[in-house]
Each structure stands twice: as C-alpha cells, then as structure tokens.
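Chemist: Dumping the structure here so I can ask a few things about it.
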Amino acid sequence: MLKSNSSTSDPWFMGKRIAIAWLGMVGLFFAMLSYQWLWSAQSPIETDILKLLPKNQQNPVAEQAFEAVSNNLSDKVVFVVTAPESQNSYTAAGKLAQDLSDTSLFTDVVGQVDEQQQSLWAAYYFQHRFQQLTDEQRQRLTQQPQAQTQHVLQGIYNPFAGVTGNELSSDPFLIFRDYLSQLTQLSSAFTLNNGFLSTSYQGQEYVLVTATLKDSPYSLSAQNGVSHIEQIEQSLTEQYHVEFYHTGVLFYAEFGTQSAKSEISTIGLFSLLGVVVLIIGVFRSAAPLSLALLSITIGLIAALSVTTWLFGTVHLFSLVFGASLIGVSIDYAFHYLTERLAAGNQWDSKKGLKHIFAAITMGLLTSLIGYMGMLIAPFPGLQQLALFSSIGLAAAYATVVAWYPILAVKPSKTRPLPGQLIWQHWLNVWSKPVVRRALPLTCLIVALVPLANLQYDDDIRQLQAMPESLKQQETFISQLSGLNSSQQMVVVTADDDEQLLQKLEAFNRQLNQWQNQGVIEGFQSLTQYISSSAMQKSDYKLIEDLYRNQGPALASTLKLTDVPQLTQTFEPVSLQDYLTHSVSEPVRFLYVGNVGDQVASVVLLKELNNIETVNEYVADQPDMSYLNKAAEISALFADYRIKVMDLIAVALLVIGGVLTKRYGFSHAIKILIPSLIACIAGLAAASAIGSTLNLFNLLALILIIGIGIDYTLFFAEKARSPSTLLAITLSAMTTLLSFGLLSLSETHAIHSFGITVLSGIFVAWLLSPLAIKERHS
C-alpha cells in the first residue's frame, strides 16, 4: 500500500495522468469536429456578415421589418441582357431563363411572362377597377369631375393612346387605364414587350430576367453556383453576341467568401511555412517541428470544435483571424523548445517545463483576461473571435504542458545557441540605463506624431470587400429600372390591417410632399398597390357620382347610344385577400405582419437626401420608427468601440493587479510599459498609412497587450537569458508574418487590423527587455 501511495504521488505518474486526460479531451474535440464538419447536414461555415452583429433588442419590430425586407431582397438575382440587334436580346434572355431554371439553384426564374399570368394580373385589377384611384384621379373627381370627360376625349383623339371600342365599353371614363399605367410605373421602368419586361436606355434596348434563389445567398451551395451562372452568361455571349449585367447579394456574398478563403489559405500556408523554416533553421531537427505542428493543430481543432458547438457555425471572419492564430499559439512551444536547445545534454524535460511554467501560465492568464471582455459583450462577432482565440491558445498551452515533457525526453544535440552573440549583445545594450530610458521614450514620441491625425470611421461596409465591377453593374441596373435595393425605411405599426393601411395612406401624403421638396427621390408603400377599405369605399363613391352626374355628358359628347351606368356593386378587398393573390408577390415583403399584438409594414425610401427632416417627423409619431440598418450598425460599431476601450482599460487594471501581486508595483509597470507603447505605435502606424480607425483596431490592441505582455513576462521570470530572447524573437517573427499577411487583405477592417498588430507586435518585441529586473551589486 505504501508503495502504491508513493507511486501515486510521483510527479512522473501525475504527468502521465495529465497527458492521458488531455489525450481524452483532444479525442473529444476531434470527434466533435468530425461530426460538425463531415456528417452534419448543415454547413458549419457562416458567410453572412450580419450574423456577426447583435440583434436590435431595443426595437424588435424594426428588427423583424429589416429581416423581412433584407430576406426578400437578398434572395433575388437580377439579370439584364442587351445586344445591338434587339431580337438577339430577347432570344438570349429566353435561353438564359431556361438555363438558369435547369441549374436547380432557383425556385423561380422569370423571363418571358406567359399570357395566362398577364391575363391573371390584368383580370385582378380590372375586377376591382371601380374602387382604386390614383391621387391625381381622386383630386380631379373631387374638385372638377367634369374634367374627366375632356380627359377621355384627349385619350381617344391621341393617335398613340390606342383606346379601343372594347375598352370604352368596359371603362368609358378610362379610369382603369390611368390607374394601371401608374401601377406599372411604380413597379419599375420596365414594360412588357414580346412577353418580356424590357426598357430603352440611351438608344439601346435592355431585357430583364429575374430569379429567386432556392437557398440563402450566404449558403455555400448557392455560392458554388456562381461559377455555373457565369459560364452560362459566357456561353450565351459568344452564341448571341449579347452583353450581360447582373446584381444580387449572391454575387457579393460569393466574392466575400472567395476572398476570405483565399486569405485563410494564404495566411495559414505562409504562417505554417514560416514556422517550418524558422524551426528547421534554428533547431535543425524534425522533432521540434513535429512538436510545434502538434500544438498548432490541436489549438485549431479545439478552437473550431468548441466555437462550432457553442455558436452552431463558425463565421468565415473568425476563420480569417483563426488562421493568424498559428503565429500566436506557437509561442509556448518556442519557449519550451529553446529551453531544450539551450540545455543540450543536460536536458531534463520535466525541469524544462518547470523553468518556463510560471511565465507561460502568466502569459496565458493575461491573454485570457484580455479576451474576457469581448466574451461578455453582447456582440456575437466579438464573442466568437474571443472564444476562438481563447480556446486555441489554451489548447496549445495544454499541449505543451501535458505532452511535451513526455514527447521531448530526448535531449537535442549539443551546439551553440543560434545567434547567441547577437542575443547577448542586444541584452548588454539593454543593460545601459540610457537605452532603457531613451528607446521607449523615442518610440513613444515617434508614435504620438501620427496620432494627431487620428480619425475614426465606423462604417459597416468596411467589413465587406466591395469589388468595383459588381458595384458598377448594380448601379447601372438601378439606373435602368429606376429602383434600388434601399435599406432605408420607415416602419409603421397599427392595431389591425385596416388601421395600418389608413396610417400608410396618411403617411403617403407626407411622402409625396417630401418627394416634391427633394427630401427623397421616391418611396415604395403597400398603399400604392392596395387601399384601405375606407379609401376603397370613398373611391367607389367618387366613381359612382362620376357615372351618375357626368355619364349623360360623356354619352352626348361621344355620341353614345346608351348612357354609361355603374352596375358593379362595392366589394372591398382586404389586405389579407390581396396578399394571398399572386399579383401581390413583388411587394409582399413590405408587409411585416404580426409583431406582438400589433401589425406592421415598412415604407422603403429611395435616395434619402435629408435624413434630419425624416427623423424629426418620425420622432413625433408614436407608431413609426425610422430604420437605416447600415447607419444603425455603424452607430453600434461606434458604441462598441467606446465599450471596448473601457474593457481594455479594465483588463489592463486587472492584469496590472495580477502582475503587481507577483512582481511588485514598480516591476509590474516595467512589464506593462512595452505593451502600452506598442498599442500607441500600432494605432499610429494604421493612421500614418491613411487608414481610418475602427472597432477592429481596438480589438488589435487586445492582441498586442496579450502577446506583448507574454514577451515581457518571460524576461521578468528568466532575466538575462539569451534562450528567452531567441524564443521571443521566434514568436515575434511568426506573429509578424501572420498579421503582416492580414494587412494585405482586400477588406479594409482586416487590413487595418493587420497593420495595427504588425506594428504593435514589433514595438512590443523591441521594448520587451525593459522588463528585465536589474540586479545591483
């Protein structure tokens, strides 16, 4: 029994138990990842940039309204075909619609509108023609009903109007014709020609084809279809000599995904290559390389599996930053491996871990404190980035602690430490008081100069790479159609559908006034297509009076044998009746539906030129709220930028407290100073190259603080050790490589983040020997 107790308390025995326990955890991570990424029906990768952002908790109605509109707009893909020979445009458009239908990417492709569909639409509006008027018609029939007779005469004698006898018999006052004309203009500038929607622009004819995606544009299955779509366009271009324009969220999402994948592969590949080259060059052995790759791999497996488990998916944005984690998670391995190299034949794997254990543990702790602030912020994007990085670092640390003493028992060949004279000379330079004062001060002064031009830009669009070709095509299609995918909207709520329509009608009068004043260029509202029952009744009464009072005059003027009579009775169309009919499909997204005990609808604003006017009006309306998602998220970014600054300050205080307890106040200050100057230098570098700063620059500061304090902690623990300087230099080189590659990103936010970390880490490495505690004789 005594022997058993003794062996149980043996450190080697405990080390084996820890190694086995960690092996079990790694097996669990691997099993989770295999299930999530290989056997799960749902794709574990999320590409929608909005999924990084918090929900609008203050206004759930506005959030639901935005989702209704954005989902409708994001599922649509629009194509425009043109050719010098207009007939080729129609032929190519028909073939395009057929080819798109055959891809199985779309639930619906609209090219040529069949006659049955046209008849169905026309029949619906014709059936209700006596209870729908335009604003102009309403005004005329209210103030000068006799002028309608003159309006009919103008239409009949206009050779281009094309008024037929059948039309006159069914609609003698030509009211339906004018109403339908306005309805068509509201929908877009396209009109039916040869069964297709087409328009003329600058002397050339353009044919429209639209499609609705089967899957979300952010799904990889939909994005994989973009290359097929482009092949179809290329084939038809060669066959019919036509030109294509296309737009839709799908194309932007696919470009963003491909950019992110490219960046992930580039950063990951070159980071790994950098690690391989450094380890082989410094350690000249396969064993250190295997150990380093082991801790990197386990760090990434753990981070991916836990993040996917907690969030359901891993955002591509997190993977871009995760690829750069390679340059950070290797730090603990470098310190252990340089300790082994420096010990030579005297190497003891357990004592080697003991020498660095306090430093790497304190380094992990300070990094986790930095990430903790992002974890508790209600911002999914920050939470995911923080969790991914925290788990990855913790797993790499655990691999070094649990397995390295067992896997690295054999000592390395005895040879001088690579660059030992350089490291020793650099440490001797730092022993001079003038250097310890002048170099940090110089770095601080140089960094402060560009900060005079510090500018912040919290625009959400910095998170997304926007290729010029796609933007040009979207702008051109907007010019052709007269419509744009506006996400500036006013949300209107009411107790029921009838009240909702009446409120929208009242709001329409204000919108028309704004349009005349140039406050907005236009708008889209449900009541442009369906009136309230009260308005329908009022319109019916005006038309009824028109027939009764002006019918005889019209019959006399046109020499009609019978006086026109209104024989159709009033039958109001409810909003729900309208929404269930296929004719409402293009505008159905404007109706949000039930939100709590109310119903809501949105009014889209086109080209809002004076936001203050709209905001002031809406602020006085208890049943309205203005929603501009891009501006709202940008304001949210600004708010979180300030909150992250507060979190950084709190994290520094906590880290400072932990360091003070272990090292004393004055030494703790010396440990912190390099990281603080590095933060200033990072922001200064981003500002100096003309980048505007944003939330992600401040997230970069968290990394700089975490990594920079790692460097100084090793000097604080191990004093003037050339092996420590070598390990820190290797760590800095891999980190600089990772984040240097991030700075090449096409996405401004990631590019700016990379520049900040790149500059900050270099300064943190440069000043890290400041933490060496001077021993006075």
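So that you can map any letter, position 289 of the sequence shown is 1711 in my numbering, and since no number is skipped, the others follow by simple counting.
Positions of the beta carbon are idealized from the N, C-alpha and C atoms, including for glycine.
Could you spell out the range, first to last residue, of the beta strand (DSSP E) harbouring Glu1627?
Modeler: Gln1626 to Leu1635
Chemist: So, is Leu1542 buried or exposed, given that buried needs 16 or more other C-beta atoms within 10 angstroms?
Modeler: exposed
Chemist: What whole-angstrom Cβ distance do Leu2081 and Ile2093 have, given they're in contact under 8 Å?
Modeler: 5 Å
Chemist: Which whole runs of the alpha helix (DSSP H) in the stretch 2095-2168 are 4 residues long or more, in chain order?
Modeler: 2117-2140 and 2144-2164
Chemist: Are the stretch 1620-1633 and the stretch 1522-1534 in contact at 8 Å, needing three or more beta carbon pairs?
Modeler: Proximity of the stretch 1620-1633 to the stretch 1522-1534 meets the contact definition, three or more beta-carbon pairs being nearer than 8 Å.
Chemist: Should Gln2020 be listed as close to the ligand PLP, given that the test is whether its C-beta is under 7 Å from any heavy atom?
Modeler: As for the ligand PLP, it is missing from this structure, which has no ligand bound.
Chemist: To which residues does DSSP link Ala1916 through a beta bridge?
Modeler: Val2021
Chemist: With a CB to CB cut of under 6 Å and the five nearest residues on each side skipped, what residues in its chain are close to Ser2113?
Modeler: Ser2174
Chemist: With a 10 Å radius around its C-beta and 16 neighbouring C-beta atoms as the bar for buried, classify Leu1672 as buried or exposed.
Modeler: buried
Chemist: What did DSSP end up calling Gly2182 once you bin it into helix, strand or coil?
Modeler: Gly2182 carries a helical assignment under DSSP once its states are collapsed to helix, strand and coil.
Chemist: Please classify Ile1791: is it buried, with 16 or more other beta-carbons within 10 angstroms of its beta-carbon, or exposed?
Modeler: buried
Chemist: Going along the chain, which residues of its own chain have a beta-carbon closer than 6 Å to the beta-carbon of Leu2152, five neighbours each way excluded?
Modeler: Leu1700 and Phe1756
Chemist: Using DSSP's beta-bridge definition, name the partner residues of Thr1669.
Modeler: Partner(s): Val1500.
Chemist: Pro1827 to Ser1771, Cα distance in whole Å?
Modeler: 5 Å
Chemist: In whole angstroms, what is the alpha-carbon distance linking Ile2126 and Phe1618?
Modeler: 58 Å
Chemist: Give the C-beta separation of Leu2159 and Phe1692 to the nearest angstrom, bearing in mind that I take them to be a contact with Cβ-Cβ under 8 Å.
Modeler: The pair is a contact, with the Cβ atoms about 6 Å apart (cut-off 8 Å).
Chemist: Is Val1704 helix, strand or coil when you go by DSSP?
Modeler: helix
Chemist: Which partner residues does Thr1621 have in the DSSP bridge list?
Modeler: Tyr1628
Chemist: Under three-state DSSP, which class holds Asn2016?
Modeler: strand
Chemist: Nearest by alpha-carbon distance to Leu2147: which of Trp1848, His1573 and Ser2056 is it?
Modeler: Trp1848
Chemist: Do Leu1775 and Ile1467 come within 8 Å of each other at the CB atom, strictly closer than that value?
Modeler: no
Chemist: Within the same chain, show all residues whose beta-carbon is closer than 7 Å to that of Tyr1962, passing over the 5 residues directly before and after it, in chain order.
Modeler: Phe1552, Gln1553 and Phe1992
Chemist: Consult DSSP for Gln1559 and reduce its assignment to one of helix, strand or coil.
Modeler: helix
Chemist: May I ask which residues mark the beginning and end of the beta strand (DSSP E) holding Asp1530?
Modeler: Phe1528 to Val1532
Chemist: So the candidates are Leu1861, Thr2035, Gly2176 and Phe1452; which of them puts its Cα closest to the Cα of Asn2119?
Modeler: Gly2176
Chemist: Return the residue from the list Met1911, Pro2096 and His1777 that minimises the CA-CA distance to Arg1859.
Modeler: The option with the nearest alpha carbon to Arg1859 is Pro2096.
Chemist: When burial is assigned at 16 or more other CB atoms within 10 Å of the CB, is Arg1562 buried or exposed?
Modeler: buried
Chemist: Any chance the stretch 1668-1683 sits against the stretch 2128-2140, with 3 or more Cβ pairs inside 8 Å?
Modeler: no
Chemist: Counting pairs of Cβ atoms below 8 Å between the stretch 1642-1651 and the stretch 1910-1920, do you hit three or more?
Modeler: no
Chemist: Which same chain residues end up closer than 7 Å to Gln1846 when comparing Cβ atoms and leaving out the 5 residues on each side of it in sequence?
Modeler: These residues qualify, in order along the chain: Pro2144.
Chemist: Check whether the Cβ atoms of Val1822 and Ile1752 sit closer than 8 Å, and answer yes or no.
Modeler: No, the Cβ-Cβ distance between Val1822 and Ile1752 is not below 8 Å.
Chemist: Ile1942 by DSSP, collapsed to three states: which one?
Modeler: coil
Chemist: Grouping DSSP H, G and I as helix and E and B as strand, with all else coil, what is Tyr2048?
Modeler: strand
Chemist: Taking the C-alpha atoms as reference points, what is the distance between Trp1434 and Asn1767?
Modeler: Reliability fails at Trp1434, whose pLDDT of 49 lies under 50, so the model's placement of it is uncertain and no value is given.
Chemist: If you follow the alpha helix (DSSP H) that Thr1897 is part of, which residue opens it and which one closes it?
Modeler: Per DSSP, Thr1897 belongs to the alpha helix (DSSP H) from Glu1890 to Ser1903.
Chemist: Which same chain residues end up closer than 8 Å to Gly2162 when comparing Cβ atoms and leaving out the 5 residues on each side of it in sequence?
Modeler: Within the same chain, and ignoring the five residues on either side of Gly2162 in sequence, the residues whose Cβ sits closer than 8 Å to its Cβ are Gly2176 and Leu2180.
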